Each structure stands twice: as structure tokens, then as C-alpha cells.
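Input: a single structure, listed below in C-alpha cells.
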Amino acid sequence: MPIIDAHVHLYPDEVNRAPAAWAIEHGEPHWAMLCTRVRKNGRPVQAFPGVDELLRAMDEAGVDRAVLQGWYWQNHVTCVAQNRFYADCVRAHPDRLSACATLHPNAGMDVVLAEIRRAVDDGLCGLGELSPHSQGFSVADETWRAVLALAGELKLPVNLHVTEPEGKNYPGKIETPLVDFVRMAKAHPRTTFVLAHWGARLPLHPELGVEARLSGNIHYDTAASPLIYSPVVAGEMLAVFGHERVMFGSDFPLFLYPQAEEQPSSMRAFADEFRTAGLSEDAQVAVLGGNAARLFSR
Ligand SMILES: [Zn+2]
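Just so we're on the same page, our numbering is the position in the sequence shown counted from 1, plus 54.
Below, the structure written as C-alpha cells:
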């Protein structure tokens, strides 16, 4: 069974060369706040690797395939540029990379739905990482609802950014009320939702947890887990979530172990946490690749 990292971000050279300046020029201050920030210990929150460096990190981590997640950009133009870049990545490395498309409903319904179909024609296999709350549109937005319906029709899983209400605060953190995710999943039963960052532990929520656990179309990824829940309590979480609902995702190229003396390969270290967590064979196979293979293979 291939090992799949279901939550990886990547940017074109144009962005990597000077991320902060690029963000100002392209009107993407929220992304800049989250991704070009320096931690209190003086280290950057992430690196800006190119595709070759990603492939090396995957080799080192024993990861066979990465699912590239787009960003929840503020501008449609940026979304389109990232979708084209991801299409190029997938065309260049079809054996190693899959990719999700990003979008902004503000572009208007016809434009957004056409962009999704274009991305699918280009070989992309899902939508994400999206965030109505960060991108500033309502979960009841008409275009957004049409997007979710089309995603169901085309079998495109939708990856959504979810923040932990009880977690650490950081510059740029946006509240993402959990009830909204349950409502979306309920309103679109044919659409598969992947709630990033363990969905802020939605299945453990006192009021919403039961409904979430019964919603067969809600899945979760583990992106950035060591930063939010340290140490990883994978066994405990999986017992409640059900291992068939959880996908390993690292949030590469975010540095997941900021306290470490040497900056280790976060992808490898995090994958190793799952390999050594004492999970059952079934759980390990499902979480480290089986579930993502099932969801993202079109
Ligand atoms: Zn996220």
C-alpha cells in the first residue's frame, strides 16, 4: 500500500524567490501573515521549497505520493495561477503528485464552476485547501453551495481549513465555527469533506460530535498536528474518529517541530510518529495511504 501525504503546499518559483514581496504585490496579506511569519524563537514558520525539494523530502520520509493542496487565497487570479502551476506539477510527476484546485466564489458562479471543470480536465483531483471563514464568504453563499454540489457530482473531495478554538493563538488565526462544517456536510450528503488539522477534534465535540461521527461524508486529515496537539495522540484520536476517516497529512513545508535544535525533516519525523504509534496494521495502512488513495483516485 503506497504511503500518501494528503496535505502538502507548494508554490511556484516566482513566489518562493521573495514570498513577502510577492504577497504585497498580489494582494494576499492573510497568506503572508500565516506563511512568511517568524516565530518567537526567530525561526521562520516554514520554508519555500521547489518541487524537487518536495520530492526529496518525500523520498526521505518514505512517502510515495503527495496531494498538493491549494491555498485559501483572497483573489480569484491567484487561485487560477496556483491551479495552473499544480497542473504542471502533476503533469511532470504523475507518479508522485496529485493536486487539489483552489477557488474564490467572489469570481462569480459561472467563472468558478468553469474553473473547477478546467482543473479537473487538467488532472486535478479535489478542491482545497479552502476556508470560507478566512476567504470572507458565507457558507450559505450561493456560488459556494453550487461549488459543493459540483464537487459531489464530480467526486472531488473538498479539503477545508479548520482551526482549534482551544489551541494556541497565532497571528492570522481565524475562527471557524464547527457547526458550519456539520451544516455543510448535512446539506451536501454526496460531497466528501476533509476537515484539515483533525477538524479541530469535531468528533469529540460535546454537542456536535455525535452527528459528526454519524456523517459518513466527513473525513479528517492530520495536517500540522505536532504544532497544535503535542505530543500526537494518534491512537486516542483514531479510536474516536475511526481510522477509515483519517488521512495522514503533514502540512509541508511548515516546520512542525519548532523547538528542535536542528530543523528535522518534518514530513519524515511526523510520518515516523504514525509508524511508531502502536497502531493496528489496518489503522496504519488506512491512515498512511489507504484512505487518501480511495478518496483522491478519480
Ligand atoms: Zn490549514
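Glycine residues also receive a C-beta, built at the ideal position from the N, C-alpha and C atoms. Bear in mind that the values here come from a model prediction, so they are computed numbers and not experimental data.
What do you reckon, is the C-beta of residue i under 7 angstroms from a heavy atom of ligand 1?
| i | result |
| --- | --- |
| A250 | yes |
| A277 | yes |
| H215 | yes |
| E183 | yes |
Please classify residue i as buried or exposed, where buried requires at least 16 other C-beta atoms within 10 Å of its C-beta.
| i | result |
| --- | --- |
| T330 | exposed |
| I58 | buried |
| R119 | buried |
| M55 | exposed |
| V363 | With the chain covering only 55 through 352, there is no way to say anything about residue 363. |
| I78 | exposed |
| G162 | exposed |
| S188 | buried |
| R97 | exposed |
| G289 | exposed |
| E82 | buried |
| S192 | exposed |
| R145 | exposed |
Looking at residue i and ligand 3, is the gap between the Cβ and the nearest heavy atom below 7 angstroms?
| i | result |
| --- | --- |
| F302 | With respect to small molecules bound, the structure shown includes ligand 1 and not ligand 3. |
Rounded to whole angstroms, what's the CA-CA distance from residue i to residue j? Just pull it up for me.
| i | j | result |
| --- | --- | --- |
| V105 | F328 | 25 angstroms |
| A337 | A75 | 43 angstroms |
| R322 | S279 | 14 angstroms |
| L214 | A239 | 11 angstroms |
| D176 | A155 | 10 angstroms |
| R172 | V166 | 10 angstroms |
| C143 | L151 | 7 angstroms |
| S185 | Y126 | 6 angstroms |
| V287 | F306 | 20 angstroms |
| N160 | Q128 | 9 angstroms |
| T230 | R237 | 13 angstroms |
| T276 | S304 | 7 angstroms |
| L210 | V121 | 13 angstroms |
| L333 | V131 | 43 angstroms |
| N223 | S320 | 21 angstroms |
| N271 | A347 | 16 angstroms |
Considering just the uninterrupted stretch of the beta strand (DSSP E) at residue i, what are its terminal residues?
| i | result |
| --- | --- |
| H61 | 58-62 |
| L213 | First, the residue type needs correcting, since residue 213 is Asn and not Leu in the sequence shown. Counting along the chain, the beta strand (DSSP E) containing N213 begins and ends at 212-214. |
Could you check where the alpha helix (DSSP H) with residue i kicks off and where it finishes?
| i | result |
| --- | --- |
| L88 | 83-89 |
| V339 | 335-339 |
| V69 | 67-71 |
| S319 | From DSSP, S319 is part of no alpha helix (DSSP H); its letter is neither H nor E. |
| A346 | 345-350 |
Are any of the Cβ atoms in chain C nearer than 8 angstroms to that of residue i?
| i | result |
| --- | --- |
| A155 | Of the protein chains in the structure, only one exists, and it is not chain C. |
Which parts of the stretch 234-300 are runs of the alpha helix (DSSP H), unbroken and 4 residues or longer, counting only runs that do not cross its ends? Counting only runs that start and end inside the stretch 234-300, the alpha helix (DSSP H) elements of at least 4 residues fall at 263-268, 279-282, 288-295.
Could you tell me which whole beta strand (DSSP E) segments of length 3 or greater appear in the stretch 109-166? Those beta strand (DSSP E) runs which fall completely within the stretch 109-166 and span 3+ residues are 119-122, 151-155.
Suppose only complete runs of 4+ residues qualify. What are the alpha helix (DSSP H) ranges in the stretch 168-200, listed by chain order? For the stretch 168-200, whole alpha helix (DSSP H) runs of length 4 or above, ordered along the chain, are 186-189.
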